[in-house]
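Encoded as C-alpha coordinates, the structure appears first; notes follow it.
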Amino acid sequence: VADPDCAYINKVDYPVEEGAPIATQGYYSFKSKTSVEWQIAEHYCKGICKHFDPIAVPVIIHRNDLLRIAPLWLKYTEDIRRDREGPNKWPIEWNDNRFTVNRIEWVAEMFGYVLAAAHLDLRHEMVDLQLIPSVHKRLTNAVPFLHYHVRIETSDHKFWNKGDDHAGQRFPWPVKEGTDPVTTRLLTALHEAYQAVGDTDRTKNNRWANYFSEWDNAKHETSRRRLLSSSSSSSSFLNEAWA
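Just so we're aligned: the sequence shown equals residues 4 to 246 in our numbering.
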(Lines of atoms letter the chains of each structure in order from A and count residues from 1; the text may use other names and numbers.)
(Lines give C-alpha, C1' and ligand atoms only; values in the text may rest on other atoms or scores of the structure.)
Protein backbone atom coordinates (compact mmCIF):
# COMPACT_ATOMS: atom_id res chain seq x y z
CA VAL A 1 0.00 0.00 0.00
CA ALA A 2 1.63 3.27 -1.10
CA ASP A 3 0.71 6.87 -1.90
CA PRO A 4 0.90 8.23 -5.45
CA ASP A 5 3.95 10.26 -4.37
CA CYS A 6 5.90 7.10 -3.58
CA ALA A 7 8.35 5.83 -6.18
CA TYR A 8 10.02 2.43 -6.37
CA ILE A 9 13.82 2.74 -6.36
CA ASN A 10 14.80 -0.76 -5.19
CA LYS A 11 13.34 -4.24 -5.12
CA VAL A 12 10.64 -4.72 -2.49
CA ASP A 13 12.05 -7.80 -0.81
CA TYR A 14 9.97 -8.04 2.34
CA PRO A 15 7.91 -11.24 2.44
CA VAL A 16 5.17 -11.00 5.07
CA GLU A 17 3.05 -13.65 6.71
CA GLU A 18 -0.67 -13.37 7.28
CA GLY A 19 -1.28 -11.48 10.51
CA ALA A 20 2.15 -9.81 10.47
CA PRO A 21 2.17 -6.70 8.23
CA ILE A 22 4.97 -4.15 8.25
CA ALA A 23 4.73 -0.40 7.83
CA THR A 24 6.68 2.81 7.90
CA GLN A 25 6.83 4.61 11.24
CA GLY A 26 4.64 7.71 10.95
CA TYR A 27 5.75 11.18 12.03
CA TYR A 28 3.32 11.08 14.96
CA SER A 29 2.58 8.85 17.94
CA PHE A 30 -0.12 7.83 20.38
CA LYS A 31 2.09 8.07 23.46
CA SER A 32 0.21 11.00 24.97
CA LYS A 33 -3.49 10.61 25.71
CA THR A 34 -3.85 14.39 25.50
CA SER A 35 -2.56 14.52 21.90
CA VAL A 36 -4.83 15.34 18.98
CA GLU A 37 -3.97 11.95 17.45
CA TRP A 38 -5.17 10.11 20.54
CA GLN A 39 -8.35 12.22 20.70
CA ILE A 40 -9.21 11.37 17.10
CA ALA A 41 -8.50 7.65 17.53
CA GLU A 42 -10.50 7.37 20.75
CA HIS A 43 -13.41 9.34 19.33
CA TYR A 44 -13.89 7.19 16.23
CA CYS A 45 -12.95 3.77 17.60
CA LYS A 46 -15.48 4.22 20.46
CA GLY A 47 -13.86 1.82 22.92
CA ILE A 48 -13.38 -1.03 20.43
CA CYS A 49 -9.63 -0.59 19.97
CA LYS A 50 -7.00 -1.56 22.53
CA HIS A 51 -4.02 0.12 20.88
CA PHE A 52 -3.07 2.33 17.94
CA ASP A 53 0.04 1.92 15.81
CA PRO A 54 1.54 5.11 14.23
CA ILE A 55 1.30 3.69 10.71
CA ALA A 56 2.33 5.52 7.57
CA VAL A 57 2.84 4.38 3.98
CA PRO A 58 4.33 2.33 2.52
CA VAL A 59 2.66 -0.70 4.09
CA ILE A 60 3.45 -4.30 3.12
CA ILE A 61 0.60 -6.58 4.06
CA HIS A 62 -0.64 -10.07 3.20
CA ARG A 63 -3.55 -10.03 0.77
CA ASN A 64 -5.85 -11.84 3.21
CA ASP A 65 -5.20 -9.19 5.86
CA LEU A 66 -5.87 -6.45 3.34
CA LEU A 67 -9.16 -8.07 2.37
CA ARG A 68 -10.19 -7.96 6.03
CA ILE A 69 -8.97 -4.44 6.63
CA ALA A 70 -10.31 -2.77 3.46
CA PRO A 71 -14.04 -2.51 4.40
CA LEU A 72 -13.20 -1.10 7.83
CA TRP A 73 -10.61 1.23 6.31
CA LEU A 74 -13.35 2.65 4.09
CA LYS A 75 -15.84 2.82 6.97
CA TYR A 76 -13.56 4.76 9.30
CA THR A 77 -12.40 7.09 6.52
CA GLU A 78 -16.03 7.86 5.69
CA ASP A 79 -16.85 8.38 9.37
CA ILE A 80 -14.05 10.94 9.66
CA ARG A 81 -14.87 12.77 6.43
CA ARG A 82 -18.57 12.88 7.26
CA ASP A 83 -17.75 15.10 10.21
CA ARG A 84 -16.16 17.76 8.04
CA GLU A 85 -19.54 19.48 8.33
CA GLY A 86 -22.63 19.03 10.47
CA PRO A 87 -23.43 18.67 14.18
CA ASN A 88 -20.37 16.47 14.88
CA LYS A 89 -17.91 18.74 13.08
CA TRP A 90 -14.30 18.24 14.13
CA PRO A 91 -12.90 20.44 16.90
CA ILE A 92 -10.79 23.19 15.35
CA GLU A 93 -7.63 21.75 16.92
CA TRP A 94 -7.95 18.56 14.86
CA ASN A 95 -7.57 20.47 11.62
CA ASP A 96 -5.08 23.18 12.56
CA ASN A 97 -1.31 22.84 12.18
CA ARG A 98 -0.82 24.99 15.25
CA PHE A 99 -1.97 21.98 17.28
CA THR A 100 -1.00 18.98 15.16
CA VAL A 101 1.12 18.06 12.16
CA ASN A 102 -1.76 15.84 11.03
CA ARG A 103 -4.61 18.04 9.83
CA ILE A 104 -7.47 15.58 9.89
CA GLU A 105 -8.93 16.55 6.50
CA TRP A 106 -5.55 15.83 4.90
CA VAL A 107 -4.87 12.48 6.61
CA ALA A 108 -8.40 11.08 6.96
CA GLU A 109 -7.56 7.93 5.00
CA MET A 110 -4.35 7.41 7.01
CA PHE A 111 -6.30 7.51 10.25
CA GLY A 112 -8.96 5.32 8.65
CA TYR A 113 -6.31 2.65 8.08
CA VAL A 114 -4.87 3.02 11.61
CA LEU A 115 -8.33 2.63 13.12
CA ALA A 116 -9.22 -0.35 10.91
CA ALA A 117 -6.00 -2.12 11.91
CA ALA A 118 -6.64 -1.37 15.59
CA HIS A 119 -10.25 -2.57 15.28
CA LEU A 120 -8.94 -5.93 14.04
CA ASP A 121 -6.08 -5.99 16.58
CA LEU A 122 -3.70 -6.26 13.62
CA ARG A 123 -0.35 -4.98 14.89
CA HIS A 124 2.18 -3.61 12.39
CA GLU A 125 5.94 -3.92 12.78
CA MET A 126 7.66 -0.60 12.04
CA VAL A 127 10.36 -0.85 9.36
CA ASP A 128 12.32 1.76 7.37
CA LEU A 129 10.65 1.46 3.96
CA GLN A 130 11.09 4.97 2.57
CA LEU A 131 13.61 7.71 1.93
CA ILE A 132 12.41 11.31 1.88
CA PRO A 133 14.37 13.63 -0.43
CA SER A 134 16.09 16.53 1.38
CA VAL A 135 15.30 14.85 4.72
CA HIS A 136 17.34 11.70 4.21
CA LYS A 137 20.73 12.33 2.63
CA ARG A 138 22.06 8.86 1.79
CA LEU A 139 20.75 6.27 -0.64
CA THR A 140 20.66 2.65 0.47
CA ASN A 141 19.72 -0.51 -1.39
CA ALA A 142 17.82 -1.73 1.67
CA VAL A 143 15.07 0.91 1.31
CA PRO A 144 12.66 0.32 -1.57
CA PHE A 145 10.71 3.62 -1.82
CA LEU A 146 11.22 7.34 -2.30
CA HIS A 147 8.40 9.35 -0.74
CA TYR A 148 8.50 12.92 -2.04
CA HIS A 149 5.79 14.46 0.11
CA VAL A 150 7.77 17.48 1.36
CA ARG A 151 9.49 20.39 -0.35
CA ILE A 152 12.99 19.56 -1.54
CA GLU A 153 16.03 21.81 -1.81
CA THR A 154 19.20 21.59 -3.88
CA SER A 155 22.66 22.72 -2.80
CA ASP A 156 22.21 26.04 -4.64
CA HIS A 157 18.93 26.66 -2.73
CA LYS A 158 16.49 25.90 -5.50
CA PHE A 159 13.22 24.35 -4.41
CA TRP A 160 10.64 21.93 -5.78
CA ASN A 161 7.38 20.61 -4.38
CA LYS A 162 4.91 18.18 -5.90
CA GLY A 163 2.13 20.75 -5.42
CA ASP A 164 3.89 23.57 -7.27
CA ASP A 165 2.42 25.01 -10.44
CA HIS A 166 3.83 23.02 -13.38
CA ALA A 167 5.64 20.68 -10.97
CA GLY A 168 5.93 18.07 -13.73
CA GLN A 169 7.75 20.51 -16.01
CA ARG A 170 9.66 22.91 -13.83
CA PHE A 171 12.19 21.41 -11.47
CA PRO A 172 15.85 22.15 -10.73
CA TRP A 173 17.89 20.80 -13.60
CA PRO A 174 20.71 20.09 -14.02
CA VAL A 175 21.15 19.17 -10.37
CA LYS A 176 23.78 21.30 -8.69
CA GLU A 177 26.88 19.45 -7.49
CA GLY A 178 26.73 18.96 -3.74
CA THR A 179 23.01 18.19 -3.64
CA ASP A 180 22.38 15.13 -1.49
CA PRO A 181 22.05 11.79 -3.34
CA VAL A 182 18.41 11.17 -2.35
CA THR A 183 17.24 14.53 -3.73
CA THR A 184 19.42 14.01 -6.81
CA ARG A 185 17.80 10.60 -7.38
CA LEU A 186 14.32 12.14 -7.39
CA LEU A 187 15.21 15.05 -9.67
CA THR A 188 16.95 12.70 -12.09
CA ALA A 189 13.82 10.54 -12.23
CA LEU A 190 11.65 13.61 -12.84
CA HIS A 191 13.92 14.71 -15.66
CA GLU A 192 13.93 11.24 -17.25
CA ALA A 193 10.15 11.02 -17.00
CA TYR A 194 9.64 14.42 -18.58
CA GLN A 195 12.06 13.58 -21.37
CA ALA A 196 10.13 10.38 -22.07
CA VAL A 197 6.57 11.70 -21.73
CA GLY A 198 6.77 15.40 -22.51
CA ASP A 199 3.86 17.70 -21.81
CA THR A 200 0.46 16.28 -20.94
CA ASP A 201 -2.88 18.06 -20.93
CA ARG A 202 -2.54 18.45 -17.19
CA THR A 203 0.91 20.02 -17.28
CA LYS A 204 0.14 22.23 -20.30
CA ASN A 205 -3.04 23.61 -18.76
CA ASN A 206 -1.74 23.61 -15.19
CA ARG A 207 -4.81 21.76 -13.95
CA TRP A 208 -2.95 20.77 -10.81
CA ALA A 209 -3.47 24.32 -9.55
CA ASN A 210 -7.18 23.55 -9.02
CA TYR A 211 -6.57 20.34 -7.11
CA PHE A 212 -6.49 21.69 -3.57
CA SER A 213 -9.48 24.00 -4.01
CA GLU A 214 -11.56 21.19 -5.50
CA TRP A 215 -10.47 18.68 -2.88
CA ASP A 216 -11.26 21.19 -0.14
CA ASN A 217 -14.80 21.70 -1.41
CA ALA A 218 -17.15 19.90 1.00
CA LYS A 219 -19.96 19.78 -1.57
CA HIS A 220 -18.14 16.93 -3.34
CA GLU A 221 -18.03 14.69 -0.26
CA THR A 222 -21.44 13.05 -0.77
CA SER A 223 -20.65 12.00 -4.32
CA ARG A 224 -17.22 10.70 -3.26
CA ARG A 225 -18.75 8.55 -0.55
CA ARG A 226 -21.42 7.22 -2.90
CA LEU A 227 -18.82 6.31 -5.51
CA LEU A 228 -16.55 4.56 -3.01
CA SER A 229 -19.38 2.71 -1.29
CA SER A 230 -21.15 1.40 -4.37
CA SER A 231 -21.21 -2.36 -4.69
CA SER A 232 -18.97 -2.87 -1.63
CA SER A 233 -16.21 -1.44 -3.76
CA SER A 234 -13.28 -2.03 -1.43
CA SER A 235 -13.55 -5.79 -1.01
CA SER A 236 -14.84 -6.56 -4.50
CA PHE A 237 -12.04 -4.54 -6.09
CA LEU A 238 -9.40 -6.38 -4.11
CA ASN A 239 -10.88 -9.77 -4.94
CA GLU A 240 -10.88 -8.94 -8.66
CA ALA A 241 -7.39 -7.41 -8.62
CA TRP A 242 -5.78 -10.40 -6.94
CA ALA A 243 -7.88 -13.22 -8.34
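In this text, a Cβ means the ideal position worked out from N, Cα and C, and glycines have one as well.
{"Check": "Test item: CB-CB of C52 and H122 under 7 Å", "Outcome": "yes"}
{"Check": "Beta-carbon gap between Y79 and A119 smaller than 7 Å", "Outcome": "yes"}
{"Check": "Inter-residue spacing [alpha-carbon to alpha-carbon] between W176 and L190", "Outcome": "7 Å"}
{"Check": "Contact the stretch 143–158 vs the stretch 84–99: 3+ CB pairs below 8 Å", "Outcome": "no"}
{"Check": "At least three beta-carbon pairs within less than 8 Å, the stretch 92–103 to the stretch 34–50", "Outcome": "yes"}
{"Check": "Pairwise C-alpha distance: A199 and N164", "Outcome": "21 Å"}
{"Check": "Enclosing alpha helix (DSSP H) for H122 [first to last residue]", "Outcome": "111–122"}
{"Check": "Where P24 falls, given that 16 or more other Cβ within 10 Å makes a residue buried", "Outcome": "buried"}
{"Check": "Residue span of the beta strand (DSSP E) that contains H150, given as start and end", "Outcome": "148–150"}
{"Check": "Helix, strand or coil at R154 [DSSP, three-state]", "Outcome": "coil"}
{"Check": "I12 (DSSP reduced to helix, strand or coil)", "Outcome": "coil"}
{"Check": "At least three beta-carbon pairs within less than 8 Å, the stretch 54–67 to the stretch 86–98", "Outcome": "no"}
{"Check": "Neighbourhood of R71 by C-beta, 7 Å cutoff - its chain only, sequence neighbours within 5 removed", "Outcome": "L123"}
{"Check": "Q133 versus L193 - alpha carbon distance", "Outcome": "18 Å"}
{"Check": "Assigned exposure category for F162 - 16 Cβ within 10 Å defines buried", "Outcome": "exposed"}
{"Check": "DSSP state of H194 mapped onto helix, strand, coil", "Outcome": "helix"}
{"Check": "Unbroken beta strand (DSSP E) run spanning P61, endpoints", "Outcome": "58–63"}
{"Check": "Reference C48; option with closest CA among Y116, T27, A196", "Outcome": "Y116"}
{"Check": "8 Å contact criterion, which D16 and Y151 should meet: CB distance rounded", "Outcome": "Contact doesn't hold; Cβ gap of about 22 Å is too wide."}
{"Check": "Cβ-based neighbour list, T186, same chain, cut-off 6 Å, excluding 5 preceding and 5 following", "Outcome": "P136, S137, I155"}
{"Check": "Where V187 falls: helix, strand or coil (DSSP)", "Outcome": "Looking at the sequence itself, residue 187 is Thr, so the reference to Val does not match. Helix, per DSSP."}
{"Check": "Cα-Cα separation, A5 to S32", "Outcome": "20 Å"}
{"Check": "Inter-residue spacing [alpha-carbon to alpha-carbon] between V130 and Q28", "Outcome": "7 Å"}
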